[in-house]
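Okay, structure first, notes after.
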Amino acid sequence: MKQFSVTAMPGFAFIAILGFVLLYVPILTLVTYSFNGAATMTSWGGFSWRWYGAAWANVDVQSATIRSLVIASWATLISVVLATPVALATTRTAAFKGQSFIYLYTNQTLVVPEIVPAVALLIFFAALKTWTGYQGLAYLIAAHTMWCIPLAYLPIRARLEGMDLSLETAAADLYATRWQTLRHVTLPLLMPGILAGAMLCFITSLDTVVITEFVKSAGQETLATYMLGQFRRGITAEINAISTVLLMLTIVLLFAFFFLTRKRAA
Amino acid sequence: MAQAIAVEARHAIKEFGSGPAAVRALDDVSITIREGEFFTLLGPSGCGKTTLLRLIAGFEMPTSGQIMLSGQDITYLPPNKRPVNTVFQSYALFPHLTVAENIGFGLQMQGRPKSEVAATTERMLALVKMEAFAARKPTQLSGGQQQRVALARALAPAPKVLLLDEPLSALDLKLRKDMQIELKRLQTETGITFVFVTHDQEEALTMSDRIGVMSAGRLQQMGSPKEIYTTPVNRFVASFIGETNFMTATREADGLRLSGGQMIDGPRGSPGQKVTVTVRPEQVRLVAPTEPGAIPAKVTALVYFGTDTHCHMELTDGTEVVARLQSPASGDDGLAQGQSVGLRFVPGSVQVLED
Amino acid sequence: MTPNQITPASLNPAQRQARADARRNWLLSAPALLFLTAFATLPFLGVLVYSFLTPGQYGNVVWKFSTDGWVGLVLTHDVFDDTLVWADAHLTIIWRTVRLASLTTLITFVIGFPMAWFIATRPPRTRAFWLFLITIPFWTNLLIRTFAINEVIRNEGLINSVLMDLGLISSPIAMIYSDGAVLVGMGYAYLPLMVLPLFAAMDRFDMRLLEAGYDLYASRLTLLWRIVVPVIKPGIIAGCILVFIPALGAYVTPRVLGGGKNMMLGNLIDLQFGQGRNWPLGAAISITLAAVTLVAMLVILRVTTRPAER
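Residue numbers (our numbering), protein chains in the order written: chain A, 1 to 266; chain B, 267 to 621; chain C, 622 to 931.
As structure tokens, then:
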């Protein structure tokens, strides 16, 4: 007889496995189609790298990729630099007036769908673009940063909250000034949180399609808006190839992140 | 005694929160700790002993009152400007630094030259016998080893006073006994004033030069372990340190009359006053019920402890008294539950309490 | 003490220290707060202003006060006699948005709860593997996930190819470009967002509580309902909010899987700023969307939180 399991629930394992299958069938389908050698997506034309080659040689894809990476890097950097001091200010401190205001204000964009700030920035930047005449990437960087700040803030804050307060007390006891404590104790211990926040920002910025679509000036396609645009024109084979590459990149990043944090924890 | 005073708290009051919700953790505590002594703050959890320690370390500021160090007012000096170091209950070793880096941290922060930091770290590693572990991270050490590193780290900058916040509570019994001896050795070797916080009365009695007993935010009694044990000033101190018997009595011209009617010898005072008297179980002797002056009692329970046996008895008025008797070699003490016996207190052992 | 010192003399040093700390905390937060004010709060207030202006002929606005944007949200001018009638198209879209977002939340919960439980009850060695399986789609671009489900349900996609190869059908079943396709797509895309917070809560759940429950004669489902669900409620709330908010504002999924006709509010807003050239109406719809989101959040929190816990 099967041993009594405390945690087993009727039907749960079945639904769960089914859920995992449902989650992966589409992804694997997309990956498979990306290797379809046929010119149209209606039939299977044998295994081929042709769409990867096409995407690689496409100057639009190249420039969109570089633009996405530039925006994501800046947005990540600025978000982390802005969010870390807020996290330091709102944890491990005696309650002060306005503490929960700062918390809520920092997270304000978390509670609205992406389309709302997208519209707001469209209006705001349209006015700014006419007024200043400047059309550059800074608008997109500012928009992505605004969207990323809470995503940098929350993991850093969580890491700080889980941190042993007595470590900083100990540093103060051992003659460290506030600045020395931050530099030698707090920041080194905070690194995994900052890393998590940065990764969250970077991937979110690469993903952000609605805000980008609304804010971008002419000719400022990112990889996400490029793919959406191509899809509308019915060109899906090349998109599948790009998607597969991005998927692999995500998996590699995830592995790298797990590896990095594990090594630090040891 | 011409010993200089190391630390002094003057009318220290500490409240947490404000308004009607304020909690008073320290209620007008004044205390003097002499230079070079091993001073213990003893009391149950929540009695304010750790708060007092944190005031001395500078992690908290008192609501009112003063903290003096070698005659200087340090009440509002931040912790990194005080020549006082702490051994934390959780050790608080920096997980990202090695053992050696942890020990050298304080000196490094003071901006001492590298050579001095290295030399002192060496010396401290030797002092706590951790030379072999210098390059390890704290997470790779056992509890006892972490404890030694925490001690070395706090001693390295040669503080005027070392504060220890229940440092042994996380260790198992055997290790705790070893560390008690080790701490005492370190204190004698370095000559640094130790302020030790614990709720363990045995630890306090065996290690300290003097003890301050605290309860409910107030200092109850201050004195040598012997004074505290033999002449407790109130019921709290008597019951918190060691086991004891309490009886009610009335003062008379030639002694104390127990509530059961028997006369016993004890400290004199104004006749007619109702008082509480206390006698330690090891000061209670069993005698034949017929012996003159014996207090009649009945055995209610016998609890065997190996080296000795606790004999629980009931006096005629229902008061419970426990006697600690040395177990005889034969193992048979000739006592049985329900047996009628007589009691006698060792002369001079009866204490009258204030409350 | 000099007369121009502003610190009241009545404050003791501990209180003065607390004030200095609070000031420092505000200074540390200031750059981020200012940035968000400039690029989130003020632009949103701008939307509010624009919703009361007159549409420009080629998009943008004319600075003339008008409530047409708000009126146009639910009412429209009749083509024939110019009287105001209900704007059925808009009402349909609002209703579709709320319905699809709610259904998405429900579906992801029904499938996501057993998945999260399954992961949380695996032995430590295999748990990391299952967790990783859910983490990959969680971190994968929403656009890619939408394209992936499209590959399955489109006319020449996986399902139709398989069914036709098996000879079960002779011509493809039209699944795409319908409300159902949008629902499937959103359910698929947002499932990981539900599973992870649920798992995080279940991971902290003390399984010995179940032993205690069985010991006291509870059945499995009773335990689930009376012990597990109440204890992990914060995770359930987090999961529902995490799915419901982006689902309400969904833009990519209905655009890719719904074609042009099965619009949701996000697409309607897009339309006003594009071909519609009616920025005030677009602004009014965005504010409505933000308000609906806020109300929905408050309702979720109120329904799931008993007053004593608040």
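Glycine included, every Cβ here is placed at the ideal spot set by N, Cα and C. Small disclaimer: the values here were computed from a predicted structure and weren't measured.
DSSP state of residue i mapped onto helix, strand, coil
| i | result |
| --- | --- |
| C:ILE714 | helix |
| C:LEU694 | helix |
| B:MET529 | strand |
| B:GLY410 | helix |
| B:ASP574 | strand |
| A:ALA171 | helix |
| B:GLU281 | strand |
| B:PHE305 | strand |
| B:LYS540 | strand |
| A:ALA54 | helix |
| B:THR514 | strand |
| A:VAL215 | helix |
| C:PRO676 | strand |
| B:PHE325 | coil |
Rounded straight-line distance, which links the Cα of residue j to that of residue i
| i | j | result |
| --- | --- | --- |
| C:ALA912 | C:PRO867 | 14 Å |
| C:LEU922 | C:TYR811 | 20 Å |
| C:ILE891 | B:HIS362 | The sequence shown places Asp at residue 891 of chain C, rather than the Ile named in the question. Approximately 50 Å between the Cα atoms of the pair. |
| C:TRP760 | C:LEU789 | 37 Å |
| A:ALA196 | B:VAL295 | 47 Å |
| B:GLY604 | B:LYS564 | 6 Å |
| A:ALA120 | C:VAL850 | 39 Å |
| C:LEU754 | A:TYR33 | 21 Å |
| B:GLY483 | B:VAL427 | 22 Å |
| A:LEU137 | C:PRO745 | 46 Å |
| C:LEU694 | C:GLY897 | 13 Å |
| C:PHE826 | C:VAL873 | 36 Å |
| A:ILE115 | C:SER907 | 8 Å |
| A:ASP207 | C:VAL864 | 17 Å |
| A:LEU22 | A:THR106 | 36 Å |
| B:ILE494 | B:ARG501 | 12 Å |
| C:ASN899 | C:TRP684 | 14 Å |
Residue-chain proximity (residue i, chain B), Cβ-Cβ < 9 Å
| i | result |
| --- | --- |
| C:GLN638 | yes |
| A:ALA266 | Because A:ALA266 sits at a pLDDT of 41, beneath the cut-off of 50, its placement in the model cannot be relied upon, and the point is left open. |
| C:PRO758 | no |
| A:GLN99 | no |
| C:ALA635 | yes |
CB contact check: residue i to chain C, cutoff 9 Å
| i | result |
| --- | --- |
| A:GLY11 | yes |
| A:SER205 | no |
| A:TYR24 | yes |
| A:GLN108 | yes |
| B:SER311 | no |
| B:PRO286 | no |
C-beta contact flag for residue i and residue j at 9 Å
| i | j | result |
| --- | --- | --- |
| B:GLN579 | B:VAL545 | At residue 579 of chain B the sequence reads Met, which differs from the Gln that was named. Not in contact: B:MET579 and B:VAL545 (Cβ atoms no closer than 9 Å). |
| B:ALA358 | A:LEU167 | yes |
| B:GLY324 | B:ALA291 | no |
| A:VAL86 | C:LEU663 | no |
| B:THR352 | B:LEU319 | yes |
| B:LEU407 | B:PRO433 | no |
| A:SER79 | A:LEU151 | yes |
| C:GLY778 | C:ILE765 | no |
| C:GLY834 | C:LEU819 | no |
| A:THR7 | C:MET828 | yes |
| C:MET823 | C:GLY856 | yes |
For residue i, the residue or residues it bridges with in DSSP
| i | result |
| --- | --- |
| B:SER481 | B:ARG484 |
| B:GLN562 | What sits at residue 562 of chain B in the sequence shown is Pro, not Gln. The partner list for B:PRO562 (beta bridge, DSSP) reads B:GLY608. |
| B:PHE460 | B:PHE304 and B:LEU428 |
| B:ASP339 | B:MET334 |
| B:THR352 | B:LEU429 |
| B:VAL588 | B:HIS578 |
| B:GLN617 | B:THR544 |
Minimum Cβ-Cβ distance from residue i to chain A less than 9 Å
| i | result |
| --- | --- |
| C:ILE755 | yes |
| B:SER435 | no |
| B:VAL503 | no |
| B:ALA400 | no |
| B:ALA385 | no |
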